[in-house]
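Asks:
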Amino acid sequence: MTQRIRRLGMVGALAAGAALLAPAQAGALPPGAPKIGMVCTPGTVSGSEHTFNLVANTGYISTPDGNTVFMWSYANADGPDNGHFQSPGPVLCVTQGQTVVVNLTNALPEPTSIVFPGQDAPVTAAGGAAGLLTTEAAATNGTVSYSFTAGSPGTYLYESGSNISKQVEMGLYGALVVRPAAGANFAYDSAATQFDPSREFLMLFNEIDPDLHHAVETGGTYDVNALHNRYFAINGREFPDTVQDNSSVLLPNQPYGALVRIQPNSASNPQPALIRMLNAGLLNHPFHPHGNHTKEIAQDGRLIAPTEHFGESIGSGQTLDFLLRWDDVDSWNPANNPFPVAPPNYRNVFFKDGNTYYSGSPYLGYTGTLPTGTVTQNVCGEWYFPLHSHALNEFTNFDEGFGGMGTLLRVDPPGGCFGAPASAVIVGGSLKGGSASALALDDNVYYQVNPRTTTRTSATTVAQTSITVASAAGFPASGTYYVRIDNEVMAVTGGQGTTTWTVSRAQLGTAAASHLSGAVVSGLATDWYAGFAGVPAGAQNLKVTYKGRNCANTTGTSCTAIASNLPQQTVKICNWTIAGATGCSTATSAGWVTLAPPPAQPQSVGSTDVTSTWTLPNPATAYLGTGANGGQVRVLVHTQRWTAPSPTPFSTWGNLMKIVYDAP
Amino acid sequence: MRALALTKTRALLVLAVASAGLAVTSSTASAAPVAIDLCASNGQITMPDTTVVNVWGFVQTASCGPDLVNDSNFPGAPLSVDAGDVVTINVTNALPPDPAPPGDPPDHTIRFEIPGIAFDPGPTDAAVGAMVTRTFTASAPGTYQFQSAGDAGRQEAMGLYGALIVRPATANQAYDPASTAYNVEVTLLLSEIDPNFNAAPDTFDLHGYLATYWLINGKAYPQTAGITAAAGQRVLLRYVNAGFDNTTMLLLGMHENVVARDARLLNNPFDANAETIPAGGTEDAIATVPATAPPSPNGFPLYNRQMHVTNGNAPTPAAPNPAYSPGGMLTFIHP
């Protein structure tokens, strides 16, 4: 029996997949809709009138256990959806004071209608016929038009007002959001309700008893008193489907995801997220957020005295608005605030199904090693917390957990995903000390690079302009650059990349002099790049941060101060589209692109650490390697001391090199 | 002053309450002795689909006896006293004979209680054929529920419940603050019935309890009484949940301001339109009737949002069936 159900479910899924190919199907979301967060159906705005055209129709949803369920719902009759079935109904967002017109066409076999609980302005109806609770559209393509003035801002349900014990349970409901005049980044006309508009989330709950839906589909009978719900949904999906993107192709009739994604609250991220919670179901749901308290600010579209919760029941038909911020109160980090206890040994840890959201590191923004064969869904050390109904029978799909009325709160590292260099490669210079791992943290450990050196193979006269060196490795292969022998600085103007150089003598405030055979030839520049790995395709809002300094000494462990004639630092990123990996293979390759201001480059960097962050323009795809270089980002640090008077060799000390980005 | 204890019919009682309310406005709410006679009896009521259900109920009468409960007195109008009154309630048990020795289940001994009210010391129980007198001082205004806790909830499920209103000194207010003033008052006693249980209250296996009738003041729609209030009037809704289910009542077309729960004023009253009243709890909410047209010709709907708006074992056929739906906990506010 179970197998048969699964097989039927698969057929349903395949059929739905085939329907995807139809050009009219757009996943029931407007073009350009974000993958995460609440998405409004646009409707049509004309002056102060906001019109939505809805059709009540039937369709199927998929459940994570492979079943499909017959549903009734409202669909958007306008393009690009053109009545494509969706569950729940479209999210109708209007502004306080607008005249809202909802034109309903009834494709169901019995009269139906819409009521707007919480709208205290009169809802007038045109067309249709008087029903028990409101005016109804006749069965089979009857129509009715409702209009009302959008009243107090807030979160409201709209739902069937006809044969409600059947029709609401069958799925005839959706969310109505009234925005205040204060702006779309306020939940209410109160400064205390300001939120980050890119972090506005919808959580609409409902339950499903498939027996009722089967009876309605097949024309059977069903006793509503015997309701026994088996599926418990957020935004029409059951966990783990709830964490899929909006408009996922896997769920063509369930367009709304329920992943909540935030970043730690900080001075640069001061606004909380807003969660609009609606209970279209018949049961109350004790909803339980892990990770942080949620701040309840309103109920049924009305502000309340705020209260904070880690468990709050939402009653049937109720709406609640919550502000959510996440504070990193402990600020654990492996460098200077590690856990006081060792993490558990993996031999004592079980990863169910060899699959986990854990990054391998317990620290926010860090990734670590997982047992061989364990697959992680983690991108960059972000944290995941469950948000779920604490009526744990509802945290299941047909009694199998986890599932049902649950989703995840994803806490990204501050500023986004954090990437530390996986490697550091010197393309002009030599290693003085340290390794790439020194670049991962802002601490007292440095990655240190000296200028490249070689030796003269013979004595040098005062006037000689062609010199031969033992090796050109590490010196630029093109372009004019400076080297120093003893107290004289020369400019290499020809023969770059070979061991015989054409030089201009007595440069940058130095005097020509003769030099012994075997004299050390030292570059006056360092070039190295950091390689980042595993950056996901589709990453956006890429930022590069580099913190480092330059020291006057090339030996010893301490940093000798540079008081004047500071080295000039230029940080570049690899644009992989210019010449692929070879375009970023040497210090002077064509693929390196100077990071655009602010801050302007080059920068004078002496023996005090200088921190700079550059933001790259979107799309960031050009900076992400593909193919064999998939997921790689390369950042080059070029430092030169090519200014008078009499520059001397120096060492470059990298403290912190990191990238942050919004993962897809 | 009070004739409540002697009233037998709801019509008479309504008049009595009205006159009592008028009397309050011209008198001080000083401690007045009030005596109320309640008779725990059995009887039958008729559901909208003509199903006849056995019930037990408290009837206000000094002439207690079996078979007194009927459609006109179930569950009875609220008891109404003034804050400060010293109230004596005489509860006589005229339930059917106890099938087991008193104290052993099944047990028809009445255990009278009013959560939120502290009785004076004294006996609590009345065996079949006996009477118990309970006395208390009505110290705090509000909406209360009285009930019999006997036989592990079976007596309450059979209908042994009712509402008690304690009125503040000022007439037409729910509580002392003027913010609780109202023009129209209605008590909504919420409960439900499984007729199979009611047919065999002593032996029914409660694991199989499945309510099929959902009642406001003992009536299912369309037998529920409408709430008559004109535009602009403030309607005090006294919710009393005597059922087993946390009950959500949806008010369409207006919000209600919830001012009190369990006969205690809230520090932070709030507006709601889908308000859940816990089983055993009471709530007082005030709704102001809009001047504009209601969403339906019947008025502003007030109904159970858990969709308990059907009567009986309502099968869901292809089309709505008026024999079963609409029904249940549904009423309207209308002029």
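Top to bottom, those sequences are chains A and B. FYI, the numbering for the first sequence is 1 to 664, going by our numbering. FYI, the numbering for the second sequence is 665 to 999, going by our numbering. We treat Cβ as the ideally placed atom computed from N, Cα and C, and that holds for glycine. Because the structure is a prediction, the values reported are computed rather than measured.
#1: For Ala-233/A, which residues from the same chain have a beta carbon less than 6 Å from its beta carbon, with the 5 sequence-adjacent residues on both sides left out?
#2: Which same chain residues, not among the five before or five after Gly-97/A, have their C-beta less than 8 Å away from its C-beta?
#3: Between Gly-118/A and chain B, is the shortest Cβ-Cβ distance under 7 Å, so that the two count as touching?
#4: Just to make sure I have the definition right: I need the residues of chain B whose C-beta is within less than 8 Å of the C-beta of Glu-169/A. Which are they?
#5: Whole angstroms is fine: what's the gap from Gln-897/B's alpha carbon to Gly-992/B's?
#6: Please state whether DSSP places Ala-18/A in a helix, a strand or coil.
#7: What's the C-alpha gap between Leu-994/B and Tyr-885/B?
#8: Helix or strand or just coil, what does DSSP make of Trp-326/A?
#9: Buried or exposed, going by whether 16 or more other CB atoms sit within 10 Å of the CB of Phe-861/B?
#10: Assuming Ala-126/A is part of the beta strand (DSSP E), what are its boundary residues?
#11: Between Phe-738/B, His-871/B, Pro-990/B, which lies nearest to Asp-713/B when the distance is taken from Cα to Cα?
#12: For the pair the region 953–962 of chain B and the region 266–279 of chain A, tell me if three or more CB-CB distances fall below 8 Å.
#13: Closest to Pro-761/B by CA distance: which of Leu-702/B, Ala-790/B, Ala-696/B, Ala-835/B is it?
#14: If I'm right that Pro-413/A touches Leu-370/A with Cβ under 8 Å, what's the distance once you round it to whole angstroms?
#15: Mind listing which residues of the region 894–917 of chain B have their C-beta closer than 7 Å to chain A's C-betas, in chain order?
#16: From Arg-338/A to Gly-368/A, what distance separates their C-alpha atoms?
#17: Going along the chain, which residues of its own chain have a beta-carbon closer than 6 Å to the beta-carbon of Val-123/A, five neighbours each way excluded?
#18: Identify the residues that DSSP records as bridge partners of Lys-543/A: which are they?
#19: Tell me which residues of the region 850–884 of chain B have at least one Cβ-Cβ distance to chain A shorter than 8 Å, keeping chain order.
#20: For Thr-457/A, name the three-state secondary structure that DSSP assigns.
#21: Just tell me which of Pro-999/B, Ala-875/B, Pro-832/B, Gln-708/B has its CA closest to the CA of Pro-965/B.
#22: Please confirm if Pro-712/B has its CB atom under 7 Å from at least one CB of chain A.
#23: In the region 119–144 of chain A, which residues sit with their C-beta less than 9 Å from some C-beta in chain B, listed in chain order?
#24: Leaving out five residues before and five after Lys-35/A in sequence, what residues of the same chain have Cβ atoms less than 7 Å from its Cβ?
#25: Return helix, strand or coil for Thr-499/A, following the three-state DSSP convention.
#26: For Ile-314/A, which three-state DSSP category applies?
#27: Using a 10 Å radius around the Cβ and a threshold of 16 neighbouring Cβ atoms, would you call Lys-352/A buried or exposed?
#28: Can you list the residues of chain A that Thr-974/B reaches, using a CB-CB cut of under 8 Å?
#29: My output table needs one value for Arg-902/B: the three-state DSSP class, helix, strand or coil.
#30: What are the start and end residues of each continuous alpha helix (DSSP H) run of 4 or more residues lying completely inside the region 795–840 of chain B, in chain order?
#31: What's the C-alpha gap between Val-178/A and Ala-741/B?
#32: Taking the straight line between their C-alpha atoms, what separation do you get for Pro-779/B and Arg-902/B?
#33: What residues are listed by DSSP as bridge partners for Ser-389/A?
#34: Taking Asp-935/B as the query, report the chain A residues whose CB atoms sit under 7 Å from its CB, ordered along the chain.
#35: Got a sec: does the ligand HEM put a non-hydrogen atom nearer than 6 Å to the Cβ of Ala-491/A?
#36: Could you name the residues of the same chain whose beta carbon sits closer than 7 Å to that of Asn-397/A, not counting the 5 residues immediately before and after it, in chain order?
Replies: Based on what the coordinates show:
#1: Along the first sequence, read from residue 1 onward, the residue named residue 233/A stands at position 233. Cβ neighbours of Ala-233/A beyond the five flanking positions: Asn-206.
#2: Counted from its first residue, the first sequence places residue 97/A at position 97. Excluding sequence neighbours, Gly-97/A sits near Ser-48, Thr-149, Ala-150, Ala-181.
#3: Counting from 1 along the first sequence, the entry for residue 118/A is found at position 118. Yes, Gly-118/A lies at the interface with chain B (some Cβ there is under 7 Å from its Cβ).
#4: The sequence position of residue 169/A within the first sequence is 169, counting from 1. Per Cβ cutoff of 8 Å: Met-971.
#5: Position 233 of the second sequence, counting from 1, holds the residue named residue 897/B. Position 328 of the second sequence, counting from 1, holds the residue named residue 992/B. So the two alpha carbons sit approximately 26 Å from each other.
#6: For this step, residue 18/A is matched to residue 18 along the first sequence. With a pLDDT of 34 at Ala-18/A, under the threshold of 50, the modelled position of this residue cannot be trusted, and the question is left open.
#7: Taking the second sequence and counting its residues from 1, one reaches residue 994/B at position 330. Taking the second sequence and counting its residues from 1, one reaches residue 885/B at position 221. The alpha-carbon atoms of Leu-994/B and Tyr-885/B are separated by roughly 6 Å.
#8: For the purposes of this step, residue 326/A is identified with residue 326 of the first sequence, where counting begins at 1. DSSP places Trp-326/A in strand when its eight states are reduced to three.
#9: The residue you call residue 861/B lines up with position 197 of the second sequence. Answer is buried; the Cβ neighbour count reaches 16.
#10: Along the first sequence, read from residue 1 onward, the residue named residue 126/A stands at position 126. Per DSSP, the unbroken beta strand (DSSP E) holding Ala-126/A starts and ends at 124–127.
#11: For the purposes of this step, residue 713/B is taken as the residue at position 49 of the second sequence. For the residues Phe-738/B, His-871/B, Pro-990/B, the minimum Cα distance to Asp-713/B belongs to Pro-990/B.
#12: no
#13: Taking the second sequence and counting its residues from 1, the one referred to as residue 761/B is at position 97. The option with the nearest alpha carbon to Pro-761/B is Ala-790/B.
#14: As a first step, residue 413/A must be located in the first sequence, where it is residue number 413. As a first step, residue 370/A must be located in the first sequence, where it is residue number 370. The pair is not a contact, with the Cβ atoms about 18 Å apart (cut-off 8 Å).
#15: Asn-910, Thr-912, Leu-914, Leu-916, Gly-917
#16: In the first sequence, the residue the question calls residue 338/A occupies position 338. In the first sequence, the residue the question calls residue 368/A occupies position 368. Note that residue 338/A is Pro in the sequence shown, not Arg. Whole-angstrom Cα-Cα distance: 15 Å.
#17: Reading the first sequence from its first residue, position 123 is the one you call residue 123/A. Cβ within range, chain order: Phe-116, Tyr-146, Phe-148.
#18: For this step, residue 543/A is matched to residue 543 along the first sequence. Answer by DSSP bridge pairing, in chain order: Thr-615/A, Val-660/A.
#19: Leu-874, Ala-875, Thr-876
#20: Translated into positions along the first sequence, residue 457/A becomes position 457. Here Thr-457/A sits in coil by DSSP.
#21: Counted from its first residue, the second sequence places residue 965/B at position 301. For the residues Pro-999/B, Ala-875/B, Pro-832/B, Gln-708/B, the minimum Cα distance to Pro-965/B belongs to Pro-999/B.
#22: As a working note, residue 712/B is residue 48 in the second sequence. Not one chain A Cβ lies under 7 Å of Pro-712/B.
#23: Gln-119, Asp-120, Ala-121, Pro-122, Val-123, Thr-124, Ala-125, Ala-130, Gly-131, Leu-132, Leu-133, Thr-134, Thr-135, Ala-139
#24: Counting from one through the first sequence, the residue named residue 35/A turns up at place 35. For Lys-35/A, where only same-chain residues beyond five positions count, the Cβ hits under 7 Å are Asp-245, Asn-246.
#25: On the first sequence, residue 499/A is found 499 positions in, with the first residue counted as 1. Correct three-state label for Thr-499/A: coil.
#26: Residue mapping note: residue 314/A aligns to position 314 of the first sequence, counting from 1. In the structure shown, Ile-314/A sits in a strand (DSSP, three-state: E or B).
#27: Counting from 1 along the first sequence, the entry for residue 352/A is found at position 352. Counting C-beta atoms within 10 angstroms of its own C-beta, Lys-352/A has fewer than 16 neighbours from the protein chains shown and is therefore classed as exposed.
#28: Within the second sequence, numbered from 1, the residue matching residue 974/B stands at position 310. Neighbours of Thr-974/B across chain A, judged by C-beta separation under 8 Å: Ser-165, Val-224, Asn-225.
#29: For the purposes of this step, residue 902/B is taken as residue 238 along the second sequence, with counting starting at 1. Arg-902/B: strand per DSSP, three-state reduction.
#30: 818–822
#31: What you label residue 178/A is simply residue 178 of the first sequence in a count that begins at 1. What you label residue 741/B is simply residue 77 of the second sequence in a count that begins at 1. Distance between the alpha carbons of Val-178/A and Ala-741/B is about 41 Å.
#32: To locate residue 779/B, count along the second sequence from 1; it is residue 115. To locate residue 902/B, count along the second sequence from 1; it is residue 238. When rounded, the distance between both Cα atoms is 16 Å.
#33: Taking the first residue of the first sequence as position 1, residue 389/A is located at position 389. Beta-bridge pairing links Ser-389/A to Phe-287/A.
#34: Along the second sequence, one-based indexing puts residue 935/B at 271. Correct list: Asp-300, Arg-302.
#35: What this structure holds is no ligand at all, so the ligand HEM is not there to describe.
#36: Sequence index remark: in the first sequence, residue 397/A carries index 397 (1-based). Contacts found: Thr-63, Pro-64, Asp-65, Tyr-231, Glu-238, Gly-403, Gly-404.
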